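J.: The sequence shown: position 335 = 335 (full-length UniProt numbering), numbered continuously.
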Amino acid sequence: MAHRPLACVILAAGKGTRMKSDLPKVLHRVAGRPMVGHVLAAVKTLDPDHVVVVVGPGMDSVAAAVAPYPTAVQHEQRGTADAVRAAFGLLEGFTGDVIVLYGDTPLVTPDTLRALVQARRQASDPAVVVLGMRPDDPGAYGRLILNARGGLEKIVEYLDASEEERAVTLCNAGLMAFDGARMFDLIGSVGNDNAKSEYYLTDVVQIARRAGMACAVVEAAPAEVVGVNSRAELAEVEKLLQRRLRKAAMDNGATLIDPDSTFLSVDTRLGRDVVVGPGCFFGAGVTVGDRVEIKPYCHLEGVRIDSGAVIGPYARLRPGAEIGPDVHIGNFVEVKNAVIEAGAKANHLTYIGDARVGAKANIGAGTITCNYDGFTKSRTDIGAGAFIGSNSALVAPVVIGDGAIVGAGSVVTMTVEADALAVARGSQKLYAGWAKRFRERKQNEKAKKA
Ligand code: UD1
Ligand code: MG
């Protein structure tokens, strides 16, 4: 079959007043990614020939977030049909299929978008295909009015609907597919004679029907087309997406002991036989190899963990941490921008930043890499098999050679040669009987006063 071109128009000009935010609505994040980024990711799977994002005036941050896709500016918010018209300049002469999506409806799946395009290309050649849904509470959604043959006859906005029309449970989810060859004329003839004096995109259905063109509906699960207008709806969408991501992680062979308290990002990758304890948070950019155990209450972001490692409980792995195979990172250990090589251990209360820890090295409890002097960050390099005694401060830049031992409580400021022992602390002094004499003197003083 010849390639039929596809264009996608994403509407994102809405101010999002109800978010009460300085950030444009579509840049609010769900599972670590801006809402409009989710829509773009779904759209990308269709490999479209054109994508246009319609933004409001001054929404440079949205333009930057969607680049390299172009944006068209809708100068005044005059309704959804007017918003699509803003994209016309960038689509001039386009005659393939056009999908219109909303930037604030981030959960739509590639499958649903494909179904929409397929329905548009069916034999009856509908001018418009509308995505419908049957939510538990149809509320103020536009209602889809079907004819006796099951074809779509018109969409009525809630404010303009009669009692009888409001009783219809099939609602407009907002997404539509158009035949590009007919779209420009259809949307061009939408007027604004309605309750809100807006140019409603939904009017195209009635306009197409009056011209004798077919229109159709594809139904989607309501959970896929929840729109975000408020922070509460943002949280609702987050919850739905978390559910989806957790299920995908489990389907891929990871155990989530308590899925409900495991927070994932869209790009979290968990290997096979990974076990994640309750209360773990995966920020953006986390990749976990096979057979890794992540014990409860860990916070991870921008980190790669290789197979067989054991992390936590209560570990914090920050961007740039690379945890090698079979490494142990224990409780209250923070790692940032550091490579921990195979089999190394840092089991308790440690900060490792801007460092390399060689294979099988052992980092004692309370060890700190002092990487920052208030102006610059410096590196600590710890060799393979080195042993760092508890409560040591390694003042970077500093090198600890392979197999070296650092005595507990040391403040290390100079290179420690391979296989050397470094002890950098006050040496111990002993005063025999001193404590006993001290106690007796104090007791005598107390007795004299009484
Ligand atoms: C719209 C539909 C309604 C449907 C509902 C689903 C119309 C007329 N109504 O109503 O049938 O049930 O979505 O959620 O289409 N936008 C612009 N410029 C504008 C107006 C809107 O870019 O001038 C964008 C918004 O940013 C948003 C989307 O279009 O992403 C939808 O606009 P919104 O005002 O939320 O439409 P609804 O009233 O919810
Ligand atoms: Mg809306």
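Using N, Cα and C, we set each Cβ at its ideal position, and we do this for glycine too.
Bear in mind that the values here come from a model prediction, so they are computed numbers and not experimental data.
Please name the residue, chosen from 355, 362, 78, 97, that lies closest to residue 125 on a Cα-to-Cα basis.
T.: Here residue 125 is taken as the residue at index 125 of the sequence shown, counted from 1. Measuring from the Cα of residue 125, the nearest candidate turns out to be 97.
J.: Excluding sequence positions up to five away, which residues of its chain have a Cβ less than 6 Å from the Cβ of residue 334?
T.: Position 334 of the sequence shown holds residue 334. If we look at residue 334 and ignore the five residues flanking it on each side, its Cβ neighbours are 316, 351.
J.: From the beta carbon of residue 297, is the nearest beta carbon of chain C less than 8 Å away?
T.: Going by chain labels, chain C is absent from the structure shown, which holds only one protein chain.
J.: Tell me, to the nearest whole angstrom, how far the beta carbon of residue 146 is from that of residue 131; I am working on the premise that it is less than 8 Å.
T.: As a working mapping, residue 146 is identified with position 146 in the sequence shown. As a working mapping, residue 131 is identified with position 131 in the sequence shown. No, residue 146 and residue 131 are not in contact; Cβ-Cβ is about 14 Å, not under 8 Å.
J.: Could you tell me if residue 102 is buried or exposed, where buried requires 16 or more neighbouring beta carbons within 10 angstroms of its beta carbon?
T.: Numbered from 1 along the sequence shown, position 102 holds the residue referred to as residue 102. Under this definition residue 102 is a buried residue.
J.: With respect to 7 Å, is the separation between the Cβ of residue 113 and the closest non-hydrogen atom of the ligand UD1 below this value?
T.: Looking up residue 113 in the sequence shown gives position 113. False, no ligand heavy atom lies under 7 Å from that Cβ.
J.: Tell me, please, which residues DSSP counts as bridged to residue 334.
T.: Locating residue 334 in the sequence shown gives position 334, where the first residue counts as 1. BP columns for residue 334 point to 316, 351.
J.: At the level of alpha carbons, what is the spacing between residue 77 and residue 206?
T.: The residue labelled residue 77 in the question sits at position 77 within the sequence shown. The residue labelled residue 206 in the question sits at position 206 within the sequence shown. Distance between the alpha carbons of residue 77 and residue 206: 22 Å.
J.: Run through the DSSP bridge pairs and tell me what residue 179 is partnered with.
T.: Counted from its first residue, the sequence shown places residue 179 at position 179. Answer is 97.
J.: For residue 200, count the other beta carbons within 10 Å of its own beta carbon; 16 or more makes it buried, fewer makes it exposed. Which is it?
T.: Locating residue 200 in the sequence shown gives position 200, counting from the first residue. Counting Cβ neighbours within 10 Å, residue 200 comes out buried, since at least 16 surround it.
J.: So residue 81 and residue 215 are supposed to be a Cβ contact under 8 Å. How far apart are they, rounded?
T.: Taking the first residue of the sequence shown as 1, we reach residue 81 at position 81. Taking the first residue of the sequence shown as 1, we reach residue 215 at position 215. With 8 Å as the limit, residue 81 and residue 215 do not qualify as a contact, their Cβ atoms being about 15 Å apart.
J.: Would residue 341 and residue 353 qualify as a contact pair, given that the criterion is a beta-carbon distance under 8 Å?
T.: The residue given as residue 341 occupies position 341 in the sequence shown. The residue given as residue 353 occupies position 353 in the sequence shown. No, these two residues do not count as a Cβ contact at 8 Å.
J.: Which residues bound the alpha helix (DSSP H) around residue 448?
T.: What you label residue 448 is simply residue 448 of the sequence shown in a count that begins at 1. Unbroken alpha helix (DSSP H) run through residue 448: 434-449.
J.: Residue range of the alpha helix (DSSP H) that residue 115 falls in?
T.: Walking along the sequence shown from the start, residue 115 turns up at place 115. Element bounds for residue 115: 110-120.
J.: So residue 404 and residue 358 are supposed to be a Cβ contact under 8 Å. How far apart are they, rounded?
T.: In the sequence shown, the residue the question calls residue 404 occupies position 404. In the sequence shown, the residue the question calls residue 358 occupies position 358. Actually they do not touch by this definition, with Cβ atoms about 10 Å apart.
J.: Restricting to Cα atoms, I'd like to know which of 87, 417, 135, 265 is closest to residue 184.
T.: As a first step, residue 184 is located in the sequence shown; it is residue number 184 there, counting from the start. Cα-wise, what sits closest to residue 184 is 87.
J.: Evaluate residue 22 with the Cβ neighbour count: other Cβ atoms within 10 Å of its Cβ, from every protein chain shown; 16 or more gives buried, anything less gives exposed.
T.: As a working mapping, residue 22 is identified with position 22 in the sequence shown. Exposed: under 16 other Cβ atoms inside 10 Å.
J.: Take every Cβ of the region 393-408, pair it with every Cβ of the region 420-428, and state whether three or more of those distances are shorter than 8 Å.
T.: Enough Cβ pairs lie closer than 8 Å, so yes.
J.: Does the count of Cβ pairs from the region 9-26 and the region 243-262 closer than 8 Å reach three?
T.: No: fewer than three Cβ pairs fall under 8 Å.
J.: Examine the ligand UD1 and report whether any of its heavy atoms sits within less than 7 Å of the Cβ of residue 8.
T.: Position 8 of the sequence shown, counted from the first residue, corresponds to residue 8. False, no ligand heavy atom lies under 7 Å from that Cβ.
J.: Whose C-beta lies closer than 8 Å to the C-beta of residue 63 among residues of the same chain, with five residues either side of it excluded?
T.: Translated into positions along the sequence shown, residue 63 becomes position 63. Only 53, 55, 71 meet the Cβ criterion.
J.: Is there contact here, the region 185-199 with the region 136-145, by at least three beta-carbon pairs under 8 Å?
T.: Touching, no.
J.: Would you call the region 300-313 and the region 279-290 touching, i.e. three or more CB-CB distances under 8 Å?
T.: Output reads yes: the region 279-290 touches the region 300-313.
J.: Could you check which residue in 94, 34, 47, 104 has the C-alpha nearest to that of residue 18?
T.: On the sequence shown, residue 18 is found 18 positions in, with the first residue counted as 1. Checking every option, the nearest Cα to that of residue 18 belongs to 104.
J.: Pick helix, strand or coil for residue 216, following the three-state DSSP scheme.
T.: As a working note, residue 216 is residue 216 in the sequence shown. Strand, per DSSP.
J.: Counting only the same chain and skipping the five closest in sequence on each side, list residues whose C-beta sits under 6 Å from that of residue 332.
T.: Sequence index remark: in the sequence shown, residue 332 carries index 332 (1-based). 314, 349, listed in sequence order.
J.: What span of residues does the alpha helix (DSSP H) with residue 89 cover, start to end?
T.: Along the sequence shown, read from residue 1 onward, the residue named residue 89 stands at position 89. Residues 88-91.
J.: Would you call residue 176 buried or exposed, if buried means 16 or more other Cβ atoms sit within 10 Å of its Cβ?
T.: Translated into positions along the sequence shown, residue 176 becomes position 176. When all chains shown are included, residue 176 counts as buried.
J.: According to DSSP, which residues form a beta bridge with residue 184?
T.: The count along the sequence shown starts at 1 and reaches residue 184 at position 184. According to DSSP, residue 184 bridges with nothing at all.
J.: Tell me the DSSP secondary structure of residue 15 in three-state form.
T.: As a first step, residue 15 must be located in the sequence shown, where it is residue number 15. In the structure shown, residue 15 sits in coil (DSSP, three-state: anything other than H, G, I, E or B).
J.: Please state whether DSSP places residue 305 in a helix, a strand or coil.
T.: Looking up residue 305 in the sequence shown gives position 305. If DSSP states are grouped into helix, strand and coil, residue 305 belongs with the strands.
J.: Where are the beta strand (DSSP E) runs, 3 residues long or more, that stay fully inside the region 127-157, in chain order?
T.: Complete beta strand (DSSP E) runs here, min 3: 128-133, 143-146, 152-156.
J.: In chain order, which continuous runs of the alpha helix (DSSP H) of length 4 or greater are located wholly inside the region 34-67?
T.: Counting only runs of 4 or more, we get 35-44, 60-66.
J.: For residue 399 versus residue 415, is the C-beta distance shorter than 8 Å?
T.: Residue 399 sits at position 399 when you count from the first residue of the sequence shown. Residue 415 sits at position 415 when you count from the first residue of the sequence shown. Contact: yes.
J.: Give me the Cβ distance between residue 466 and residue 233, rounded to the nearest whole Å; I'm assuming they're in contact under 8 Å.
T.: For residue 466 there is no data in the structure shown, the boundaries of the chain being 1 and 450.
J.: Assuming residue 49 contacts residue 7 under a Cβ cut-off of 8 Å, what Cβ separation, rounded to an integer in Å, is found between them?
T.: As a working mapping, residue 49 is identified with position 49 in the sequence shown. As a working mapping, residue 7 is identified with position 7 in the sequence shown. Between residue 7 and residue 49 the Cβ distance is about 6 Å, and since that is below 8 Å, they are a contact.
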